[in-house]
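Participant:
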Amino acid sequence: AEPEARIKILKDDTIESIAECINQGKAKKIIVMTGAGISTAAGIKDFRSPGTGLYDDLGKYNLPFPEAVFDLAFFKETPSPFYRLAKELFPGKYRPTLTHYLLPLLAKKGLLLRSYTQNIDSLEKMAGLPEDLLVEAHGSFATSKCIQCSIVSDSEWVKEHIMDSNIPYCKRCDGLVKPEITFFGEDLPSRFRDMAQIDFVDCDLLIVLGTSLKVEPFNKLITQVSPRCPRLLINREKAGQELHSGFDFDDKWKYTVQRDAWFLGDCDVGVKKLVSLCGWEDELQVMYEAG
Ligand code: CNA
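The numbering of the sequence shown is the UniProt record's numbering, which starts it at 20 and goes up by one.
1. Around the C-beta of F66, are 16 or more other C-beta atoms found within 10 angstroms, so that it is buried, or is it exposed?
2. May I ask whether a heavy atom of the ligand CNA can be found less than 7 Å away from the beta carbon of V290?
3. What is the DSSP secondary structure of residue 13, counted as helix, strand or coil?
4. Output the boundary residues of the alpha helix (DSSP H) element that contains L296.
5. Looking at the structure shown, is residue 315 part of a helix, part of a strand, or coil, going by DSSP?
6. Applying the criterion that 16 or more other CB atoms from any shown protein chain within 10 Å of the CB defines a buried residue, is M306 buried or exposed?
7. Any chance you could list the alpha helix (DSSP H) runs of at least 4 consecutive residues sitting entirely within the segment 147–199, in chain order?
8. Measure from the alpha carbon of F211 to the alpha carbon of each residue in L228, K257, D151, then state which is nearest.
9. Could you spell out the range, first to last residue, of the beta strand (DSSP E) harbouring V220?
10. Please report the Cβ distance between C165 and S174, rounded to the nearest whole angstrom; I am assuming they are in contact, meaning their Cβ atoms lie under 8 Å.
11. Is there contact here, the segment 139–155 with the segment 221–230, by at least three beta-carbon pairs under 8 Å?
12. Let me check understanding here. Comparing Cα to Cα, which of S245, P110, H157 lies closest to I217?
13. Rounded to whole angstroms, what's the CA-CA distance from L303 to P236? Just pull it up for me.
14. Between the Cα of L108 and the Cα atoms of M182, F203, L121, P149, which residue gives the shortest distance?
15. List the residues that DSSP assigns as beta-bridge partners of T53.
16. Quick one: what's A280 bridged to in DSSP?
17. Rounded to a whole number of angstroms, what is the C-alpha to C-alpha distance between E205 and L104?
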């Protein structure tokens with residue numbers, strides 16, 4: 020049978036096409052999904068970049084396998100690697116990157132529906148993104164709970180312990196007090212499930228920044244937008260192509276819908292390109308420098 024005519028949502032697979040979409044007023048409910056790659060320029064290591072990622076660097080932590088640092092069973096037996104890593108990642112040491120300021124910029128323009136992050140570094144908030152526009156899908160250091168009795172601990176007290184390289188034990192039951200960062204096998208925060216269900220059907224442009232899209236269920240979100248919603252990936256490498264309705268780098272759907280665009284390179288470079296095509300480059304730079 021003859022293939023159906025192709026439905027072209029985008030002119031082509033470039034950032035220019037995405038900018039055109041924004042400039043024509045077709046993207047007013049933008050969702051931005053982010054990962055560790057937006058924070059590497061701030062000096063925070065990502066997980067999987069070969070040679071520079073935390074997973075290659077964890078030798079000094081004596082782990083049986085890299086992911087063990089976020090494994091609840093391992094943590095209960097051997098908590099110190101996680102607290103060492105927590106000390107390294109604890110918010111306060113690092114500044115947001117240019118890419119982080121894209122979020123409050125889109126918010127200011129009234130174009131940001133929500134930003135979903137896998138990061139635990141709180142740099143989105145530090146860049147001035149209003150909290151109601153942010154979903155921290157893997158939690159944050161803002162709150163901590165005892166893993167045994169679930170009582171909430173004072174976050175300043177927890178921070179002091181972590182920064183002094185001491186393990187915080189629950190004052191009530193002596194259990195380990197853990198910042199509410201989502202470990203493997205743990206449920207994501209309820210805010211993630213509640214918001215994603217509503218937001219993704221509404222989204223009219225999806226921008227994915229600095230993530231390998233390897234972690235479930237976060238990676239699946241890229242498939243939750245409507246089949247005609249344009250999607251842009253800015254990342255050093257291709258990602259998310261193996262997901263069902265993932266990014267269409269190979270033009271598999273040649274005869275159906277064309278709606279994916281990508282920029283393979285640094286987030287800050289791609290974001291700069293996008294905002295300059297929208298005429299916002301100076302505004303972003305001012306926000307970045309003032310931050
Ligand atoms: P990942 O699996 O390490 O992937 C990072 C991706 O970003 C890779 O594809 C890299 O090629 C790419 N990348 C790295 N630097 C840049 C850059 N400057 N510009 C463009 N692309 C770049 O990390 P994910 O976020 O995909 O994995 C999810 C984990 C990582 C989450 O659970 C996070 O909690 C966790 N994590 C967070 C932080 C943080 O909060 N900053 C740091 C390290 C890990």
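Glycine included, every Cβ here is placed at the ideal spot set by N, Cα and C.
Note that this is a predicted model, so its numbers are computed, not measured.
Facilitator: The short version:
1. buried
2. no
3. This structure cannot speak to residue 13, because the chain is shown only from 20 to 310.
4. 286–296
5. This structure does not reach residue 315, given that the chain is present from 20 up to 310, and the question cannot be answered.
6. buried
7. 174–182
8. D151
9. That residue, V220, is in no beta strand (DSSP E); its alpha helix (DSSP H) goes 209–221.
10. Incorrect: roughly 13 Å between the Cβ atoms, too far for contact.
11. no
12. S245
13. 31 Å
14. M182
15. T136, L228
16. L251
17. 19 Å
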